Amino acid sequence: MRNTPVICWIVALKVEAKPIIAYFKMSRIDHGLKFPIFEDKTKNNCLIITGVGQLNSSQATQLLRNQNKAPPWAGFINIGIAGHGIASMGTLFLVDKIRQHNSTKYSYPSVVFPLKLPRSELVTSDYPNTDYKRDILFDMEGYGFFKTASRLSPKELIILLKIVSDGPEEDVKNLTGKKVSKLVSANIGSILDVSEKLRSISASEARRLSPPDICRDILGGWHFTVSQEHQLNALVKRWLAAFPNRTLNNEINKFSDSKQILYFLKSCLDNNKVDWENLW
Amino acid sequence: MVDTIYVEEEVLEHPRARLIISKFPMARIIEIDRFGEVFNKRNQNFKIQKINPAIILAKKYKKLILPAPDGFGIGGKRNYYFSHMYNCIYDCRYCFLQGMYSSANYVIFINFEDFAEQIIQINNEFSGDNITFFSGYDCDSLALENITGFLDYILPIFTPYPKSMLEVRTKSTKLKPMTIVSPPDNCIIAYSLMPEIMSRVLDHKAPSIERRIKSMTDLANRGWKIGLRFDPLIYGKNWKELYTELIESISKNIPSEAIHSISFGPLRFPRAMFQKIFKLYPDDILFTGPITQRGSIMAYSEEIENEMALHCRQLFSNFVSDSIIFQCVSEGSSNLSDQV
Ligand code: SF4
Chain A
12 MRNTPVICWI VALKVEAKPI IAYFKMSRID HGLKFPIFED KTKNNCLIIT
62 GVGQLNSSQA TQLLRNQNKA PPWAGFINIG IAGHGIASMG TLFLVDKIRQ
112 HNSTKYSYPS VVFPLKLPRS ELVTSDYPNT DYKRDILFDM EGYGFFKTAS
162 RLSPKELIIL LKIVSDGPEE DVKNLTGKKV SKLVSANIGS ILDVSEKLRS
212 ISASEARRLS PPDICRDILG GWHFTVSQEH QLNALVKRWL AAFPNRTLNN
262 EINKFSDSKQ ILYFLKSCLD NNKVDWENLW
Chain B
16 MVDTIYVEEE VLEHPRARLI ISKFPMARII EIDRFGEVFN KRNQNFKIQK
66 INPAIILAKK YKKLILPAPD GFGIGGKRNY YFSHMYNCIY DCRYCFLQGM
116 YSSANYVIFI NFEDFAEQII QINNEFSGDN ITFFSGYDCD SLALENITGF
166 LDYILPIFTP YPKSMLEVRT KSTKLKPMTI VSPPDNCIIA YSLMPEIMSR
216 VLDHKAPSIE RRIKSMTDLA NRGWKIGLRF DPLIYGKNWK ELYTELIESI
266 SKNIPSEAIH SISFGPLRFP RAMFQKIFKL YPDDILFTGP ITQRGSIMAY
316 SEEIENEMAL HCRQLFSNFV SDSIIFQCVS EGSSNLSDQV
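Protein chains in written order, with this note's numbering: chain A, 12 to 291; chain B, 16 to 355.
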């Protein structure tokens, strides 16, 4: 598994996706799949165009994860347009409370880094909603996306961003593809700011969850069972933190099997007296 | 600065909730039904939440005051513990909260009256006995006192019960709450301590040991009873010298008459909890030490534990009478002894 940060973009419409695809220089990679998928060269930014509706959004989120082989530290961002009862056209919101139109049960996307963006509740319905009475957002995908994404990554790595495109003063029927792309482009700075912050958390999760590079060499040189491999990963992490100035490769190349290596690592740690005075 | 406050609908209009909310004028207030909707859910990540924790204002219904596990106490016949909060503004690497919850948001239970009612009930039921109530099991008791006002509320509850003792365990050096009331006879402000250079590495975001000693000195001078808590004892190179220096520095500053009690205990985690904490910080210095599996717990070897206990007890007894030194013998399944 790669150990790089990954951001998966889930977008309903091609016109919404355009500015993001352009920014990351993504190209289409799917071959006859139900939803178009785009990736940049590194595969660390990928995007799927889901079409309208919760079911599509949910299925596409899962599909993008599978196609990209996104690791458990992948960040997921759903960006799209939405109606709002009060806010003016073009306002970008971070969603922190979400429910389906016909339900009273809420979910709460986390707000894991301080952002200057205004925040809002989002209601996802299965048909275009023009009941603009309240100070909340309406869309047709958000809930389906959130439910699926929060099974794939920690909830803290899932973000919903909505740009107000219609409301009491702005009829949804007047929306054109051009207008929608413009709305996203006008907010691209803030959208990328959010994605970079998410990427840095994804990067630190990648460091935390990936085995150290040297484990790959060790596994290539000796046979380890699956359970021994887990022990090895944990012990090597501890060993590297304990002895940053030693070279593990040099110390284990004399061993002939996995047991000896694990025993060596464990006994180094069992005999380690942390030198608190000279850690810095 | 907290930028999100979740509030249970039921407590939204509670004056204490309104007061807390008013202290964060820029925060977004999000109404919820019960705190379990946002706290400790599956697939939450404690470490990431620690970057920008939210406050959750809630009501606690059950298990407000609980009997402390065997092996835990500072001389009282009966021991109880409670927490008006879950989680903590500090981030100590050995803290069991990291392994207990998947969420780092601060839950504040604002129904202090219900805590008080149960404390009164227990005091009345066992009025002949010396009872100790330990505050700060799932949190640091004082770190958010300026927000919660819990101590301010709970202290007078103990006034009619001289045989009942309240221990307030903390690392906080914000002393204001203790400067506006006169020190009661039945309250101990208990500070968690370890050698400064260990604390610098392990007690993230917490006040330095030097500042804690200064605060204890200040409190002692004001007449407060002080508890010294060396729990967990941390092992490493020169640990004997480091603990000796620490005790010397304490004894130079705080008169032994002000010390109510000293307690100490080993570093121990239930195995499953250790796995969770280790997974969060797999390359932390704490885990580079000789921590091994001993049955269902992860701990230093028995030999190290015993040597540390023996040496530290000796150190403490040079400073205070043996009768006020207590060893906490947690089996790792109870976490009360290891925290704050
Ligand atoms: S050990 Fe105590 S002070 Fe440290 S983070 Fe945990 S509760 Fe807070």
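Even glycine gets a Cβ: it sits at the ideal position worked out from N, Cα and C.
If you're wondering where the values come from, they're calculated on a predicted model, not measured in any experiment.
Quiz prompt | Per DSSP, cross-strand counterpart(s) of W20 of chain A | solution = Within the DSSP bridge table, the entry for W20 of chain A names A:L58 and A:I88 as partners.
- Task: Would you kindly work out how many angstroms separate the C-alpha atoms of E23 of chain B and F331 of chain B, rounded to a whole number?
- Result: 46 Å
Near-chain A residues of the segment 198 to 225 of chain B - C-beta to any C-beta below 8 Å:
Of all residues in the segment 198 to 225 of chain B, only P210, I212, M213 and V216 place a beta-carbon less than 8 Å from a beta-carbon of chain A.
Flag P165 of chain A as yes if its beta-carbon sits less than 8 Å from any beta-carbon of chain B, otherwise no.
yes
| Interface flag, D177 of chain A vs chain B, CB-CB below 8 Å | no
When we look at the beta-carbon of Y76 of chain B and count the other beta-carbons within 10 Å, is it buried (16 or more) or exposed?
exposed
**Asked** Does K173 of chain A get closer than 8 Å to chain B when you measure Cβ to Cβ?
**Response** no
> Quick one: Cα of V123 of chain A to Cα of G232 of chain A, how far?
Replying inline: 41 Å
Contact set for F35 of chain A: own chain, Cβ-Cβ below 7 Å, skip 5 residues either direction:
Same-chain partners within the cutoff: D51 and N56.
For the alpha helix (DSSP H) containing E260 of chain B, name the first residue and the last one. Here the alpha helix (DSSP H) through E260 of chain B covers W254 to N268.
| field | Separation of S196 of chain A from S352 of chain B, as counted between CA atoms | value | Because the pLDDT of S352 of chain B is 42, which lies under 50, any placement of that residue in the model is unreliable, and the number read from its coordinates should be weighed accordingly. When rounded, the distance between both Cα atoms is 55 Å.
Let me check one thing: in DSSP terms, what residues is T135 of chain A bridge-paired to? A:Q111 and A:D150
Practice problem: Please indicate yes or no: does the CB of C327 of chain B lie closer than 7 Å to some heavy atom of ligand 1? | Solution: no
**Beta carbon proximity, L251 of chain A to chain B, threshold 8 Å** = yes
- Message: Using DSSP's beta-bridge definition, name the partner residues of E50 of chain A.
- Response: A:S38 and A:C57
query: What are the partner residues of M12 of chain A, as DSSP defines its beta bridges?
result: Answer is none; M12 of chain A lacks a bridge partner.
- Looking only at C-alpha atoms, which of B:I63, B:G51, B:I45 and B:A32 sits nearest to S213 of chain A? B:I63
Delimiting residues of the beta strand (DSSP E) encompassing C202 of chain B: C202 to S207
Which partner residues of V122 of chain B appear in the DSSP bridge assignment?
B:I71 and B:Y101
- Taking 7 Å as the line, does the beta carbon of L112 of chain B fall inside it for any heavy atom of ligand 1? yes
#### Entry: Given 8 Å, three or more beta-carbon pairs between the segment 243 to 251 of chain A and the segment 292 to 300 of chain B
yes
**Q.** Ordered list of beta strand (DSSP E) runs contained in the segment 218 to 259 of chain B, each at least 3 residues
**A.** 240 to 248
Inset, instruction - Please decide whether D281 of chain A counts as near chain B, where near means a Cβ-Cβ distance under 8 Å. - result: Taking CB atoms only, D281 of chain A has a neighbour in chain B less than 8 Å away.
>> Once DSSP output is grouped into helix, strand and coil, what is the label at A93 of chain A?
In response: strand
Quiz prompt | Rounded separation between I135 of chain B and S150 of chain B - CA only | solution = Rounded to whole angstroms, I135 of chain B to S150 of chain B spans 15 Å at the Cα level.
**Asked** Taking 8 Å as the CB-CB cut-off, is P82 of chain B touching chain A?
**Response** No, its Cβ sits nowhere closer than 8 Å to a Cβ of chain A.
Open item on the list: Taking contact to mean 3 or more Cβ pairs, one atom from each stretch, closer than 8 Å, check whether the segment 29 to 43 of chain A and the segment 114 to 128 of chain A are in contact.
Closed with: Put simply, the segment 29 to 43 of chain A does not touch the segment 114 to 128 of chain A. Fewer than three CB pairs are less than 8 Å apart.
*Do we get a CB-CB distance below 8 Å when we pair F50 of chain B with the residues of chain A?*
no
- Message: Please list, in chain order, the chain A residues whose beta carbon lies closer than 8 Å to that of D18 of chain B.
- Response: V122 and P125
**Asked** Helix, strand or coil: which one does DSSP assign to T147 of chain B?
**Response** In this structure, T147 of chain B counts as strand in the three-state DSSP scheme.
Open item on the list: If we define contact as Cβ-Cβ less than 8 Å, is Y154 of chain A a contact residue for chain B?
Closed with: no
Handout entry: Y4 of chain B versus S117 of chain B - alpha carbon distance
Key = The question about residue 4 of chain B has no answer, for chain B in this structure spans 16 to 355.
ask   = chain B partners of A245 of chain A, CB-CB under 8 Å?
value = F293 and P297
Given I169 of chain A as reference, the closest of A:L103, A:R13, A:K54 and A:I90 once Cα atoms are compared: A:I90
Worksheet item: Between the C-alpha atoms of P247 of chain B and L282 of chain B, what's the straight-line distance to the nearest angstrom?
Response: Cα-Cα distance, rounded: 5 Å.
Using a Cβ cut-off of 8 Å, pull out every chain B residue sitting near I212 of chain A, in sequence order please. I63 and I66
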